[in-house]
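Keeping their order, the protein sequence lines are chains A and B. The opening residue of the first sequence carries number 110 in our numbering; numbering runs sequentially from there. The opening residue of the second sequence carries number 562 in our numbering; numbering runs sequentially from there. Input: a single structure, listed below in structure tokens.
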Amino acid sequence: MKPIITLDNVGKQYKIRSAGATYETFRDVLTEWTIGRLRRQRQRKLSHETFWALSQVNLHVTPGEVLGIIGRNGAGKSTLLKLISRITEPTTGRIELYGRVGSLLEVGTGFHPELTGRENVYLSGAILGMTRTEINRKFDEIVSFSEIERFIDVPVKWYSSGMYVRLAFSVAAHVEPEILILDEVLSVGDASFQMKCFNKLEAIRKDGRTILFVSHNMQSVLRLCKRVIYLSEGTVVADGQPSEVASQYVTSRLRSSAEQTWDDIDNAPGDEVARLRAVRVRAEDGTITDVIDVRQPVTVEMEYQILAGGDSLAPNMHFFNEDGVYLFVTGDRSTQRKEIGWYTSTVRVPGNFLAEGTISVNVALSSPLAIRINEPNVVTFQVIDTLEGDSARGDYTGPMPGVIRPLLNWNTTFTPANAKPVCALEDVTV
Amino acid sequence: MTTTQPVRPAIADLPSDPLVVIEAGKTWNVINVLDIWRHRELLYFLIWRDLKIRYKQAVFGIAWVVLQPLALTATFTIFLGKLARVPSTGAPYALFVLSALVIWGFFSGALMTSSSSLTSNAHLLTKVYFPRVIIPLAAIGARLLDFLISFVILVVLVGFYRVPVTRTVLLLPLPIIAALLLLAGCGLLLSAINVKYRDVGVAIPVLIQLWMFLSPVIYPANLVPPQWRTLYALNPLVGIIESFRACILGQAWNPTELAISFGISLVLVLISIFVFRRMEVGFADNV
Chain A
110 MKPIITLDNV
120 GKQYKIRSAG
130 ATYETFRDVL
140 TEWTIGRLRR
150 QRQRKLSHET
160 FWALSQVNLH
170 VTPGEVLGII
180 GRNGAGKSTL
190 LKLISRITEP
200 TTGRIELYGR
210 VGSLLEVGTG
220 FHPELTGREN
230 VYLSGAILGM
240 TRTEINRKFD
250 EIVSFSEIER
260 FIDVPVKWYS
270 SGMYVRLAFS
280 VAAHVEPEIL
290 ILDEVLSVGD
300 ASFQMKCFNK
310 LEAIRKDGRT
320 ILFVSHNMQS
330 VLRLCKRVIY
340 LSEGTVVADG
350 QPSEVASQYV
360 TSRLRSSAEQ
370 TWDDIDNAPG
380 DEVARLRAVR
390 VRAEDGTITD
400 VIDVRQPVTV
410 EMEYQILAGG
420 DSLAPNMHFF
430 NEDGVYLFVT
440 GDRSTQRKEI
450 GWYTSTVRVP
460 GNFLAEGTIS
470 VNVALSSPLA
480 IRINEPNVVT
490 FQVIDTLEGD
500 SARGDYTGPM
510 PGVIRPLLNW
520 NTTFTPANAK
530 PVCALEDVTV
Chain B
562 MTTTQPVRPA
572 IADLPSDPLV
582 VIEAGKTWNV
592 INVLDIWRHR
602 ELLYFLIWRD
612 LKIRYKQAVF
622 GIAWVVLQPL
632 ALTATFTIFL
642 GKLARVPSTG
652 APYALFVLSA
662 LVIWGFFSGA
672 LMTSSSSLTS
682 NAHLLTKVYF
692 PRVIIPLAAI
702 GARLLDFLIS
712 FVILVVLVGF
722 YRVPVTRTVL
732 LLPLPIIAAL
742 LLLAGCGLLL
752 SAINVKYRDV
762 GVAIPVLIQL
772 WMFLSPVIYP
782 ANLVPPQWRT
792 LYALNPLVGI
802 IESFRACILG
812 QAWNPTELAI
822 SFGISLVLVL
832 ISIFVFRRME
842 VGFADNV
């Protein structure tokens with residue numbers, strides 16, 4: 110099919126400004142120019158270092174495609190979206206767009222706190238590319254989607270952040286361009302509103318519109334997209350099926366937030382009795398990784414040094430999700446006296462237990478009398494579901510609430526209509 | 562597994578030519594007029610936003626617009642008209658100075674807000690596309706209401722002094738159009754430069770102050786010796802203010818000077834469009 114977006118050898122170069130000098134000043138340019146005239150040999154004192162945020166990107170997107178863009182911070186994801194949205198212009202190459210572009214790079218673009226909700230719907234709508242008649246036509250729909258009918262004539266500065274975000278997203282969701290560009294906007298609002306946003310995007314997708322979608326949240330990318338590109342250091346390193354690209358991304362993300370070591374004992378967490386030296390997250394095969402398949406077990410390992418022996422110290426770990434919900438605590442129950450030396454303690458969390466999301470781990474070493482090590486947020490990892498159908502999700506691709514995701518066995522019995530029903534037994538295995 | 566729904570394209574037939582082509586290094590194309598026309602409603606909404614916010618505190622907002630020219634007129638009339646006896650081409654000094662202050666106040670106010678408009682709307686520049694010229698133009702447009710209000714005060718004062726209204730009033734649109742052109746030129750130029758060189762913004766209030774004294778606001782242009790008069794008229798505001806005032810007071814004025822103003826303003830508009838387009842490329846990266 111003929112593409113709706115084509116990128117041909119597109120690159121974007123940025124200047125790196127030296128720290129401190131945030132903006133060029135006219136004075137600098139003048140003095141530089143004068144000095145340059147006086148001493149011919151000094152050409153440009155403030156020669157800038159440059160880097161390529163994006164280089165040699167070739168991309169064809171066909172109408173109706175939902176393209177996910179993944180990559181680490183600084184990989185060029187946002188730059189790519191900004192180029193296609195025409196916010197900034199490329200340094201090299203050519204971009205062709207065969208449809209209107211609506212970009213949603215933040216929630217609440219153009220909102221003004223002094224204006225009322227109603228006024229902001231019009232302002233933001235116009236900024237996002239809607240005409241006045243279009244806004245008039247969709248106004249009621251926008252307001253009812255946002256669920257803030259009662260407060261629509263109140264200045265948005267009095268809104269709670271949830272109300273603000275709901276109204277802002279609602280405006281944006283009702284812009285109907287042929288190409289919709291989204292950057293991290295699904296991570297707003299509470300769970301039920303997120304569900305609503307997700308369903309809205311599904312509807313937009315089914316309408317045949319093209320969506321480009323950046324998110325740090327692997328779950329939403331996998332759920333929404335039919336094709337994913339993976340950017341690294343400004344180039345496309347993988348392009349294809351979401352689950353395949355995601356697994357490439359996973360293997361390349363070894364050792365990022367999944368490992369922390371303290372080489373200098375004086376800076377290591379702890380006290381005169383014990384010091385923490387390393388914490389690592391390992392996948393089933395032993396590799397250090399911060400992305401774990403929801404079906405696979407994960408092992409967290411802590412390495413510590415005992416400097417003064419004799420205490421009965423138990424290593425323990427505390428798991429939290431991205432909302433700060435305390436998932437569980439686990440400790441080594443076989444408390445023994447610890448002699449001077451190095452120790453490595455590991456705990457294995459089974460597969461099909463943690464829900465999708467970002468998990469952060471606190472590690473501690475304590476006895477009933479004293480806490481020797483207590484280090485919050487040492488390592489984090491992502492639990493992802495590649496949607497292959499054999500996780501607890503099954504074939505369901507929508508948002509799934511809950512802080513754990515056990516794979517439980519179900520049993521349904523059937524009795525013909527006029528017979529007496531028999532209770533189904535539930536058989537649980539974790 | 563994600564179930565595959567049949568995808569029905571929103572646009573049955575894609576246009577054979579791209580709607581938009583973005584090509585690196587094509588900074589020489591002029592501002593796309595069609596694109597601005599398509600976004601005309603945004604211009605309207607941005608003006609509307611500026612007015613809404615400025616007049617939100619309604620009492621203070623309008624009072625300020627009314628009081629400022631009146632206070633200035635009173636001060637200038639007392640110190641310059643009565644004490645320093647600055648000539649006022651036969652008209653009462655208060656009327657003489659207010660008629661200039663009305664157009665000067667509009668010009669300086671609009672120049673101030675438009676030159677800083679891009680930097681103060683940075684959050685829009687980095688998040689959404691639209692023709693960037695709309696921002697400085699909207700800043701100028703939002704000042705038109707101030708102009709209208711102060712113009713009403715002027716009309717009241719004209720009535721108070723029983724100055725006969727002559728047919729020259731019909732020529733009033735000419736200096737106003739010239740002022741708008743000059744504003745567009747200066748506004749585009751300064752707002753664009755201000756994005757890149759932040760120290761320019763600090764200099765603008767000082768320059769505006771200087772410009773006022775270089776223009777016939779508090780004194781008549783004929784105070785300038787005849788041999789300097791042509792050089793003086795190269796300041797485009799000379800023709801604009803003189804003719805605006807003459808139209809109000811029903812006096813004769815020099816059409817050559819206004820023609821010079823038009824000429825300079827037009828050249829400035831062309832230069833500013835060129836510079837703006839050249840610098841526009843870097844707005845989102847610099848702002």
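Ideal placement from N, C-alpha and C gives every residue a C-beta, glycine not left out. Nothing here was measured: the structure is a model prediction, and the numbers come from that model.
Of the listed residues A:Thr240, A:Ile313 and A:Val230, nearest to Val252 (chain A) (C-alpha basis): A:Val230
Count the CB pairs spanning the region 200-218 of chain A and the region 684-696 of chain B that are closer than 8 Å, and state whether there are at least three. yes
What are the residues of the region 603-616 of chain B that lie near chain A, defined by any Cβ-Cβ distance shorter than 7 Å? Leu603, Phe606, Arg610, Lys613 and Ile614
I'd like to know whether the C-beta atoms of Leu237 (chain A) and Val284 (chain A) end up nearer to each other than 8 Å. yes
Measure the CB-CB distance between Leu798 (chain B) and Trp814 (chain B) and report whether it falls below 8 Å. no
Can you list the residues of chain B that Glu215 (chain A) reaches, using a CB-CB cut of under 7 Å? Lys688
Determine the extent of the alpha helix (DSSP H) in which Ala235 (chain A) is found, giving its start and end residues. Gly226 to Ile236
Any C-beta of chain B under 8 Å from that of Tyr123 (chain A): yes
Between the beta-carbon of Leu496 (chain A) and the beta-carbon of Thr506 (chain A), is there less than 8 Å? yes
Among B:Ala585, B:Asn796 and B:Leu750, nearest to Ile696 (chain B) - alpha-carbon criterion: B:Leu750
Pull the bridge partners of Thr344 (chain A) from the DSSP assignment, please. A:Ser341
Does any C-beta atom of chain A lie closer than 8 Å to the C-beta of Glu803 (chain B)? no
N-terminal and C-terminal residue of the alpha helix (DSSP H) that Val611 (chain B) is part of: Per the sequence presented here, residue 611 (chain B) reads as Asp, with Val not at that position. Residues Arg601 to Arg615.
Is the Cβ of Pro653 (chain B) closer than 8 Å to any Cβ of chain A? no
What does DSSP give as the partner residue(s) for Glu778 (chain B) in the beta ladder? As written in the sequence, residue 778 (chain B) is Val, which differs from the Glu given in the question. DSSP, once it has assigned bridges, lists no residue as partnering Val778 (chain B).
Return the chain-ordered list of same chain residues with a C-beta closer than 6 Å to the C-beta of Val434 (chain A), the five sequence neighbours on each side being excluded. Val512
State the DSSP-derived secondary structure class of Phe835 (chain B), mapped to helix, strand or coil. helix
Within 8 Å, strictly: CB atoms of Asp441 (chain A) and Ser476 (chain A): no
Minimum Cβ-Cβ distance from Tyr758 (chain B) to chain A less than 8 Å: yes
Nearest neighbour of Gly466 (chain A), chosen from A:Asn182, A:Phe322 and A:Val330 [CA to CA]: A:Val330
Cross-chain neighbours of Ala277 (chain A) in chain B, by beta carbon under 7 Å: Those within 7 Å of Ala277 (chain A) in chain B number zero; the least Cβ separation is about 12 Å.
Using the three-state DSSP reduction, which class does Gly544 (chain A) fall into: helix, strand or coil? Look at the range of chain A in this structure, 110 to 539, and you will see that residue 544 (chain A) is not part of it.
Give me the Cβ distance between Leu679 (chain B) and Ala764 (chain B), rounded to the nearest whole Å; I'm assuming they're in contact under 8 Å. Not really, about 16 Å apart at Cβ, beyond 8 Å.
Within 10 angstroms of the Cβ of Ala632 (chain B), are there 16 or more other Cβ atoms? Answer buried if so, exposed if not. exposed
Gly177 (chain A) touches chain B at which residues, Cβ-Cβ below 8 Å? Simply none; closest approach about 12 Å.
Comparing the CB of Pro286 (chain A) with every heavy atom of the ligand ADP, is any distance shorter than 7 Å? In the structure on display, the ligand ADP does not appear, and there are no ligands present to speak of.
Can you tell me where the beta strand (DSSP E) holding Glu256 (chain A) begins and where it ends? No beta strand (DSSP E) holds Glu256 (chain A); DSSP gives it neither H nor E.
Confirm, please, whether the CB-CB distance from Val488 (chain A) to Val409 (chain A) is below 8 Å. yes
Counting Cβ pairs, one atom from each stretch, are 3 or more of them under 8 Å apart for the region 371-390 of chain A and the region 415-429 of chain A? yes
Please go through the region 133-218 of chain A and give each complete beta strand (DSSP E) segment of 3 or more residues, from N-terminal end onward. 158-170, 175-179, 201-206 and 210-213
Amino acids of chain A, ordered along the chain, whose beta-carbon sits closer than 7 Å to that of Glu584 (chain B): Arg203
Identify every residue that forms a DSSP beta bridge with Ile480 (chain A). A:Ser475
Neighbourhood of Val346 (chain A) by C-beta, 6 Å cutoff - its chain only, sequence neighbours within 5 removed: Tyr339
Beta carbon proximity, Trp589 (chain B) to chain A, threshold 8 Å: Reliability fails at Trp589 (chain B), whose pLDDT of 47 lies under 50, so the model's placement of it is uncertain and the value that follows must be treated cautiously. It does not: the Cβ of Trp589 (chain B) has no partner Cβ on chain A nearer than 8 Å.
Using a Cβ cut-off of 7 Å, pull out every chain B residue sitting near Phe135 (chain A), in sequence order please. Tyr758, Asp760 and Val761
Does the beta-carbon of Asn755 (chain B) have 16 or more other beta-carbons within 10 angstroms, so that it is buried, or is it exposed? buried
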